[in-house]
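Every number in the working numbering is 3 more than the matching position in the sequence shown, counting from 1. Every residue, glycine too, gets a C-beta built ideally from N, C-alpha and C. Below: the structure, in structure tokens.
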Amino acid sequence: KIDPANGIGLANTSVAFFGGRLYALGESDLPYTIRLASSGDIETLGRHDFNGKLFMSMTAHPKIDPETGEAFAFRYGPVPPFLTYFHFDKDGNKQPDVPIFSMVRPSFLHDFAITKNYAIFADIQIGMNPMEMIFGGGSPVGADPAKVPRIGIIPRYAKDESEMKWFDVPGFNLIHTINAWEEDDGDALVMLAPNILSVEHTLERMELVHALVEKVKINLKTGIVTRQPLSARNLDFAVINPAYVAKRNKYVYAAIGDPMPKISGVVKLDVSQGEHRECTVASRIYGPGCYGGEPFFVAAEPR
4 KIDPANGIGL ANTSVAFFGG RLYALGESDL PYTIRLASSG DIETLGRHDF NGKLFMSMTA
64 HPKIDPETGE AFAFRYGPVP PFLTYFHFDK DGNKQPDVPI FSMVRPSFLH DFAITKNYAI
124 FADIQIGMNP MEMIFGGGSP VGADPAKVPR IGIIPRYAKD ESEMKWFDVP GFNLIHTINA
184 WEEDDGDALV MLAPNILSVE HTLERMELVH ALVEKVKINL KTGIVTRQPL SARNLDFAVI
244 NPAYVAKRNK YVYAAIGDPM PKISGVVKLD VSQGEHRECT VASRIYGPGC YGGEPFFVAA
304 EPR
């Protein structure tokens, strides 16, 4: 017998280590604490609510600052507040929620990014409408072609959303982010993310989806947003060296969709290259009939 009070999540999206604990994560539930046994087995220790301070679900893509050891996270849902931001100190203690009421409609918010001083969220054209499932028999998640996507920026240690700013970015729909950092003495933010083209196919016809990795720069003073494609290839599930989270990175490693969700290879991008250039510097195709999963970066041992 399944008791929903004990969790309904699969905890199969990602793993994260912060505050001295290893977590298996899925955005529909609390984190699950796991450990690696001496035998090599993975043991589940149970759902973790951070001493009762996390009583609802959490993103499966928290961002861990490699310099401070803090973890930053959020949750989203179909009822207000549709977005709630929070973070954990270096010891894993959860800090107070920051409800974001300027997210006026429920959006599909799977991932986000941080910089040294900010957290960055995307309000995309994919949203949630549970009433459609209840009364119309359709999917609770769908695309709204009339909606203009936005990027929201909030100070990293905000106590409330009073300083949050939103910027319209037409046609920019991200599911995953790659990284973000600050430029121009903190007056501009740069974010790397695959932009999902033909977003209306994301939920039903994945083979028709093309994800174009872009570098998006937001001038916080003028509000001007500029965008630069980094590769013409169909790329997603990108990673970096985690030592560069929230800092300017040079290299990105991404999965090649051929078509999505089949992953036929991996590429290495040099995102420091100039504008109007294909940034791929290396790639590996697995071969006919051979497919892989998401790439994962493991730093080389120091020599």
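Return helix, strand or coil for residue 113, following the three-state DSSP convention.
Reading the sequence shown from its first residue, position 110 is the one you call residue 113. It is coil, neither helix nor strand.
Quick check on residue 186: does DSSP put it in helix, strand or coil?
As a position in the sequence shown, residue 186 is number 183, starting the count at 1. Per DSSP, reduced to three states, the secondary structure at residue 186 is strand.
If you check the beta carbons only, do residue 16 and residue 28 fall under 8 Å apart?
Taking the sequence shown and counting its residues from 1, one reaches residue 16 at position 13. Taking the sequence shown and counting its residues from 1, one reaches residue 28 at position 25. A contact, by the Cβ cut-off of 8 Å.
Taking buried to mean at least 16 other C-beta atoms within 10 Å of its own C-beta, is residue 13 buried or exposed?
What you label residue 13 is simply residue 10 of the sequence shown in a count that begins at 1. Per the 10 Å Cβ criterion, exposed.
Within a Cβ cutoff of 7 Å, which residues of the same chain sit near residue 73, ignoring the five residues on either side of it in sequence?
Along the sequence shown, read from residue 1 onward, the residue named residue 73 stands at position 70. So the list reads 90, 91, 92, 93, once near-sequence residues are dropped.
Whole-angstrom distance between residue 297 and residue 172, CA atom to CA atom
Within the sequence shown, residue 172 is the residue found at index 169, counting from 1. Within the sequence shown, residue 297 is the residue found at index 294, counting from 1. A direct Cα-to-Cα measurement between residue 172 and residue 297 gives close to 27 Å.
So which of 300, 95, 231 has the shortest CA-CA distance to residue 256?
Translated into the one-based positions of the sequence shown, residue 256 becomes position 253. Of the candidates 300, 95, 231, 300 places its Cα closest to the Cα of residue 256.
Consult DSSP for residue 270 and reduce its assignment to one of helix, strand or coil.
The sequence position of residue 270 within the sequence shown is 267, counting from 1. Per DSSP, reduced to three states, the secondary structure at residue 270 is strand.
Between the segment 123 to 132 and the segment 40 to 60, are three or more C-beta pairs nearer than 8 Å?
At 8 Å Cβ cutoff, the stretches do not touch.
According to DSSP, residues forming a beta bridge with residue 304
Walking along the sequence shown from the start, residue 304 turns up at place 301. Answer is none; residue 304 lacks a bridge partner.
Through-space distance from residue 142 to residue 303, alpha-carbon basis
Residue mapping note: residue 303 aligns to position 300 of the sequence shown, counting from 1. Residue mapping note: residue 142 aligns to position 139 of the sequence shown, counting from 1. Cα-Cα distance, rounded: 44 Å.
On the DSSP letters alone, give me the boundaries of the beta strand (DSSP E) that residue 121 sits inside.
Position 118 of the sequence shown, counted from the first residue, corresponds to residue 121. Per DSSP, residue 121 is one residue of the beta strand (DSSP E) stretching across 121 to 126.
Range covered by the beta strand (DSSP E) that runs through residue 255:
For the purposes of this step, residue 255 is taken as residue 252 along the sequence shown, with counting starting at 1. Its beta strand (DSSP E) spans residues 254 to 260.
Given a threshold of 16 other Cβ atoms within 10 Å of its Cβ, counted over all protein chains shown, does residue 263 qualify as buried or as exposed?
As a position in the sequence shown, residue 263 is number 260, starting the count at 1. With 16 or more Cβ atoms within 10 Å of its Cβ, residue 263 is classed as buried.
Using DSSP with H/G/I as helix, E/B as strand and the rest coil, what is residue 211?
As a position in the sequence shown, residue 211 is number 208, starting the count at 1. Of the three classes helix, strand and coil, the one that applies to residue 211 here is helix, per DSSP.
Closest by CA to residue 176, which one among 160, 161, 196?
By one-based count along the sequence shown, residue 176 stands at place 173. Put simply, of 160, 161, 196 the residue whose alpha carbon is nearest the alpha carbon of residue 176 is 196.
Residue 164 versus 211, 210, 146, 124, residue with shortest Cα-Cα distance
Here residue 164 corresponds to residue number 161 of the sequence shown, with the count starting at 1. Taking each of 211, 210, 146, 124 in turn and checking the Cα distance to residue 164, the smallest one comes out for 124.
With distances taken Cα to Cα, identify the nearest neighbour of residue 247 among 194, 285, 105, 161.
As a position in the sequence shown, residue 247 is number 244, starting the count at 1. Closest by alpha carbon: 194.
Have a look at residue 105 and residue 293 and give me their C-alpha separation to the nearest angstrom.
Locating residue 105 in the sequence shown gives position 102, where the first residue counts as 1. Locating residue 293 in the sequence shown gives position 290, where the first residue counts as 1. So the two alpha carbons sit approximately 45 Å from each other.
Member of 273, 279, 260, 119 whose CA lies at the smallest distance from the CA of residue 230
Here residue 230 is taken as the residue at index 227 of the sequence shown, counted from 1. The shortest Cα separation from residue 230 among 273, 279, 260, 119 belongs to 279.
Report buried or exposed for residue 40, applying the criterion of at least 16 other Cβ atoms within 10 angstroms of its Cβ.
Position 37 of the sequence shown holds residue 40. Classification for residue 40: exposed.
Exposure label - residue 235; buried when at least 16 CB within 10 Å:
On the sequence shown, position 232 is the one that residue 235 refers to. Of the other Cβ atoms in all chains shown, fewer than 16 fall within 10 Å of the Cβ of residue 235; this residue is therefore exposed.
Assign residue 79 to buried or exposed, taking buried as 16 or more other Cβ atoms, counted over all protein chains shown, within 10 Å of its Cβ.
Position 76 of the sequence shown holds residue 79. Its Cβ being crowded by 16 or more others within 10 Å, residue 79 is buried.
Check each candidate in 96, 55, 83 and name the one with the smallest Cα separation from residue 75.
If you number the sequence shown from 1, residue 75 lands on position 72. Closest option to residue 75, Cα to Cα, is 96.
Report yes if the CB atom of residue 223 is closer than 8 Å to the CB atom of residue 191, and no otherwise.
Stepping through the sequence shown from its first residue, residue 223 is reached at position 220. Stepping through the sequence shown from its first residue, residue 191 is reached at position 188. Yes, these two residues count as a Cβ contact at 8 Å.
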